[in-house]
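*Asks:* In terms of full-length UniProt numbering, the sequence shown opens at residue 1 and continues consecutively.
C-beta: ideal position from N, C-alpha, C; glycine also.
Owing to the predicted nature of the structure, the values given are computational and were not obtained by experimental measurement.
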Amino acid sequence: MNKRNEQLLQIVNQRKKIEVNELADLLQVSKVTIRKDLTQLEDRGLLQRQHGFAIINNPNDLKFRLAQNYDVKRQIAQAAAATVQDNETIMIESGSTCALMAEELAKANQHVTIITISFFIANYVRDYPNIRVNVLGGEYQPDSQVAVGPLTKAMLANFHTDKLFVGTDGFDAHFGFYSNDIMRADTVQAMADNADNTIILTDSSKFDAKSTVRQLSLDQVNTVITDTDISTTLQQRLISHDIRTQLVETHA
1 MNKRNEQLLQ IVNQRKKIEV NELADLLQVS KVTIRKDLTQ LEDRGLLQRQ
51 HGFAIINNPN DLKFRLAQNY DVKRQIAQAA AATVQDNETI MIESGSTCAL
101 MAEELAKANQ HVTIITISFF IANYVRDYPN IRVNVLGGEY QPDSQVAVGP
151 LTKAMLANFH TDKLFVGTDG FDAHFGFYSN DIMRADTVQA MADNADNTII
201 LTDSSKFDAK STVRQLSLDQ VNTVITDTDI STTLQQRLIS HDIRTQLVET
251 HA
């Protein structure tokens, strides 16, 4: 995504609904150029076009979350993808940053096998023949587009990987990482039990977010990849639990 598209996406996210003609004026480009940019962003599911307007996606949709803090998430995804070797098999849980990471691996033409509970991620990289995806079955959650529950955990027993990449919904300095859903949190625990290294991918805003269900304790996490807006206090908290913290710049 080029810089203009990133600016365009940021404006739409802030305004929620904006006329295409106004976007062209704000970005000082022609209406033809703006329409091409909007088509590209709509094709990627990052926004919608409707009767001469650009609008944000439904806040309950995964595509909406994908568009929030997009540039930072993309940089975190790139850093995570750089840790994966060609022909490696990895586990990826779900979430917007994890989806972008899968896409980064695909675009780099790496041959990677992904084991995931996320139908969204499987669909996101469906056009890349170099990426092989094994989607675990189970109880389907339509909002998050993941499989969870006893059947999923039973299938996980057949797999073991070096790396597991996980998103998160919130953080507590005393316990660790939180989820908004008890079934997803339970499934993540099972995934972590079948991986040597658990890597959290999250933009720094999640460290200020409150959530309800314990997902992974600090002692269960090996690495956190986030952005430079995380506080020094929280960085020290992670380091005190022997968690490697990799920071990406918040601006391209």
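Tell me whether Leu156 is buried or exposed, calling it buried when 16 or more other Cβ atoms sit within 10 Å of its Cβ.
*Replies:* Residue 156 sits at position 156 when you count from the first residue of the sequence shown. Answer is buried; the Cβ neighbour count reaches 16.
*Asks:* Where in the segment 109-174 do unbroken runs of the beta strand (DSSP E), each at least 3 residues long, occur, reported from the N-terminal end onward?
*Replies:* Here the runs fully enclosed are 112-116, 131-135, 139-141, 146-148, 161-166, 170-172.
*Asks:* Could you name the residues of the same chain whose beta carbon sits closer than 8 Å to that of Met183, not counting the 5 residues immediately before and after it, in chain order?
*Replies:* If you number the sequence shown from 1, residue 183 lands on position 183. Correct list, in chain order: Glu139, Gln141, Val148, Gly149.
*Asks:* Taking DSSP as the reference, what is the three-state secondary structure of Ala190?
*Replies:* To locate residue 190, count along the sequence shown from 1; it is residue 190. DSSP places Ala190 in helix when its eight states are reduced to three.
*Asks:* Once DSSP output is grouped into helix, strand and coil, what is the label at Ile34?
*Replies:* In the sequence shown, counting from the first residue as 1, residue 34 sits at position 34. In this structure, Ile34 counts as helix in the three-state DSSP scheme.
*Asks:* Can you check whether the CB of Ile121 is closer than 8 Å to the CB of Ser144?
*Replies:* Counted from its first residue, the sequence shown places residue 144 at position 144. Counted from its first residue, the sequence shown places residue 121 at position 121. It is not a contact, given that the beta carbons lie outside the stated cut-off.
*Asks:* Measure the alpha-carbon distance for residue 253 versus Ala24 and round it to whole angstroms.
*Replies:* No statement about residue 253 is possible, as the shown extent of the chain runs from 1 to 252 and does not include it.
*Asks:* Less than 8 Å between the CB atoms is what I'm expecting for Gln215 and Ser179, so what's the real figure, rounded?
*Replies:* Within the sequence shown, the letter at position 215 stands for residue 215. Within the sequence shown, the letter at position 179 stands for residue 179. Yes, Gln215 and Ser179 are in contact; Cβ-Cβ is about 4 Å, under 8 Å.
*Asks:* Is Asp242 closer than 8 Å to Val72 when the C-beta atoms are compared?
*Replies:* Translated into the one-based positions of the sequence shown, residue 72 becomes position 72. Translated into the one-based positions of the sequence shown, residue 242 becomes position 242. Not a contact, by the Cβ cut-off of 8 Å.
*Asks:* Could you check whether Ile114 and Ile90 sit closer than 8 Å to each other, using their CB atoms as the reference points?
*Replies:* Position 90 of the sequence shown, counted from the start, is the residue given in the question as residue 90. Position 114 of the sequence shown, counted from the start, is the residue given in the question as residue 114. It is a contact, given that the beta carbons lie within the stated cut-off.
*Asks:* In terms of residue numbering, what span does the alpha helix (DSSP H) encompassing Ser240 cover?
*Replies:* By one-based count along the sequence shown, residue 240 stands at place 240. Looking at the DSSP string, the run of the alpha helix (DSSP H) that includes Ser240 is 232-240.
*Asks:* Looking at chain D, is there any beta carbon in it that lies within less than 8 Å of the beta carbon of Arg49?
*Replies:* Going by chain labels, chain D is absent from the structure shown, which holds only one protein chain.
*Asks:* Mapping the DSSP letters down to three states, classify Thr250 as helix, strand or coil.
*Replies:* Locating residue 250 in the sequence shown gives position 250, where the first residue counts as 1. Coil at Thr250, not helix or strand.
*Asks:* Can you tell me where the beta strand (DSSP E) holding Ser96 begins and where it ends?
*Replies:* If you number the sequence shown from 1, residue 96 lands on position 96. No beta strand (DSSP E) contains Ser96, which is instead part of the alpha helix (DSSP H) from 96-107.
*Asks:* Give the range of the alpha helix (DSSP H) segment to which Asn5 is assigned.
*Replies:* Locating residue 5 in the sequence shown gives position 5, counting from the first residue. Looking at the DSSP string, the run of the alpha helix (DSSP H) that includes Asn5 is 3-15.
*Asks:* Look up Arg214 in the DSSP assignment and give the residues it is bridged to.
*Replies:* Locating residue 214 in the sequence shown gives position 214, where the first residue counts as 1. DSSP lists Tyr178 as partners of Arg214.
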